[in-house]
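Note that our numbering gives residue 291 to position 218 of the sequence shown, counting from 1, and the numbers run on in steps of one. Quick reminder that beta carbons are idealized off the backbone N, C-alpha and C, glycines included. This report refers to the structure that appears directly beneath it.
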Amino acid sequence: MKWILSLPLVFLVNAAQAQVPVIKIDGSSTVFPITEAVSEEFQISKSGKVRVTVGISGTGGGFKKFCRGEIDVQNASRPIQEKEIENCRKAGIKFLEIPIAFDATAVVVNPKNTWAKQITVAELKKMWEPAAQGKIVNWSDVNPAWPKEKIKLYGAGSDSGTFDYFTEAIVGKSKSSRGDYTASEDDNTLVTGVSKDVNALGYIPMAYYEENKSKIKALPVVGGPKAPGKDKAIYPSRETVENGTYYPLSRPVFIYVSETSMKKPEIKEFVDFYVKNSATLVPEVKYVPLPAAAYQESLKNIKANKLGTVFGGHSEVGLKIDELMKRERSL
């Protein structure tokens, strides 16, 4: 009969777990490592009194949930877009936009690739634009100096903010891409694919490249006429992201928090914790932190409940850190 005596204890434990506040986060796989690190530290600081869940459904998938009021915090590797702003408006969801780091998209190949020493934006466009499907199939179709071997392409899925940004920066139009490639919102899947095929090429967040240098290698990118370095081939790194020379594949990343959720004490505390600890935790997970002044400005905006976006519903290619800090937000 011992199990009967233990039932009240089980009920008490379950009741205690049910009363623990849960902060629901979803969205970008790019921003996931940062938010995961912050969430772990925050939960430790709260001694289990708050639980944080972090999903990965891509920036686009996350915004769908965010604008339905299903999550508190949205990880985003690009700014909120016009249609998403409208969806949030219709649902009565107002939000704070908080930049938390800069990221670079690395163009990666298999370590056994000996022919591609660098790659230009023009070559990437030729490789990834919709017109390439069924036509640009071999490496030699991109550059005649490269071998006549079939390219195996890996890239972000259509719900990914990385997909939106990469296509806009390289092809010239967001979501404009060939469709015959291996797509995933999980960047680890892309790393695995490139690491196993000598003829593979993919694009992934710089942090995933940094964590997998033994499996894949990054190609330096020649940004072209609009790039600060013009004809120079630039590797993705903290330095080249900070000085804007890794063009056009560096960009800010964000969290978005609903105004309603910010009224909950545990979420307000979490967001403050996030911003205050980003300068330390962001570089630990291989991203580029913002200047201290940017985090201080975010804390002021949070305190003042400054709602809206500084992007007007559009992504921008090649935005530098100092330019981001000068922006005024709008609803």
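Asked, Found
"Whole-Å CB distance - aspartate 259 paired with isoleucine 144, under 8 Å assumed", "Not a contact, Cβ separation roughly 19 Å."
"Residues bridged to asparagine 365 [DSSP beta-bridge criterion]", "Reading the sequence as shown, one finds alanine at residue 365 and not asparagine. Answer by DSSP bridge pairing: none, since alanine 365 is not bridged."
"Sufficient close CB pairs (3 or more, under 8 Å) joining the segment 304–314 to the segment 172–184", "yes"
"Sequence-distant residues of the same chain with beta carbon closer than 6 Å to lysine 359, five excluded per side", "Ala280, Glu283"
"Beta-carbon proximity check, phenylalanine 343 vs isoleucine 96, cutoff 8 Å", "yes"
"First and last residue of the uninterrupted beta strand (DSSP E) at lysine 97", "95–100"
"Isoleucine 98 beta carbon less than 8 Å from that of asparagine 160", "no"
"Residues bridged to glutamine 147 (per DSSP)", "Asp99, Tyr329"
"Proline 278 classed as buried or exposed, judged by whether at least 16 other C-beta atoms fall within 10 angstroms", "buried"
"Lysine 198 versus asparagine 316: straight-line alpha-carbon distance, rounded", "24 Å"
"Nearest candidate by alpha-carbon position, reference glycine 207, set Leu226, His387, Lys122", "Leu226"
"Glutamine 369, buried or exposed, once every other Cβ within 10 Å from all chains shown has been counted against 16", "exposed"
"Buried versus exposed, by CB contacts within 10 Å (16 or more), glutamine 92", "exposed"
"Cut-off 8 Å between Cβ atoms - residues of its own chain near lysine 290, not counting five sequence neighbours on either side", "Val181, Val182, Asn183, Pro184, Asn186"
"Residue range of the alpha helix (DSSP H) that includes aspartate 237", "234–239"
"Cβ-Cβ distance between valine 111 and phenylalanine 346 below 8 Å", "yes"
"Backbone CA spacing between isoleucine 394 and leucine 363 [nearest angstrom]", "7 Å"
"Beta-carbon spacing of lysine 223, valine 244 below 8 Å", "no"
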